[in-house]
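For what it's worth, my numbering labels the leading residue of the sequence shown as 13, then goes sequentially.
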Amino acid sequence: MISINGTKNIMARMRNLIYLGIALVLVFFMVAFSSESFSLNNLLHPAPRSPVIGKPYVPVIKDINRNDISPDDPNVIRVLREKFLKPPSKLPYNLSHPEDENPSMGQAQRIDFILREKRKGFYIECGALDGEVRSNTLFFEKEREWQGLLIEADPKNFEQLVYKRRKAYISPACLSPTSYPSSVC
């Protein structure tokens, strides 16, 4: 039989062990949160491991569509380069109306005047359609030796854009209204 003093002694030891456990957990979190490489998100959602030993993990779209990922994260850049960026065509143009010097309805020529016929510039055209109809950049590419990036989110227009063989990088993407990658459905 345990005396009242013995019971109090056991209860005090248990309470002290609980306090010690809580203190150790607090120390762990204080050390972990002070580390630059630690984040609560990494603790709760650890990075997936590659199923093939020795092979680096290759992220998929869902891994980069998070609001806590930086747009210059190496995984984001790798996925964009590998999956969303097609290099300029080395084949001759395949335009429907190659003789048309003004597919932009005069906009490119006005910009050309403002830029004083600048040569070898760089452009980004968002909403490139098929790369020819109403293109504001085709003139600069052909006549002023500009390079650039054509962005077209619509799959049918993007297919036509590839078919035109523009001398620019092309991307089947859209612009994000946020500072991080996101999927628009």
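Ideal Cβ placement from N, Cα and C applies to all residues, glycine included.
- The region 89 to 108 makes no contact with the region 129 to 141; the number of CB pairs closer than 8 Å stays below 3.
- Annotation for Tyr105: no alpha helix (DSSP H) segment contains it, and DSSP assigns it neither H nor E.
- Gly143 sits away from Glu111, with the two beta carbons spaced by 9 Å or more.
- Residue pairing from DSSP places Ile182 in a beta bridge opposite Lys98, Leu162.
- Between the region 143 to 157 and the region 172 to 192, the count of C-beta pairs closer than 8 Å reaches three or more; the two stretches touch.
- The beta-bridge partner set that DSSP reports for Tyr135 consists of Gly160.
- Under the 10 Å beta carbon count, Ala24 is surrounded by fewer than 16 other beta carbons and is classified as exposed.
- Counting C-beta pairs closer than 8 Å gives fewer than three between the region 116 to 126 and the region 94 to 102, which falls short of the contact rule.
- Tyr192 and Ile81 do touch by the CB rule: their CB atoms are close to 6 Å apart, below 8 Å.
- Residue range 167 to 176 is occupied by the alpha helix (DSSP H) that includes Asn169.
- When DSSP states are grouped into helix, strand and coil, Tyr31 belongs to the helix group.
- Counting C-beta atoms within 10 angstroms of its own C-beta, Thr149 has 16 or more neighbours from the protein chains shown and is therefore classed as buried.
- Taken through DSSP and simplified to helix, strand or coil, Ile81 comes out as coil.
- If you draw a straight line from the Cα of Asp85 to the Cα of Thr190, it comes to about 15 Å.
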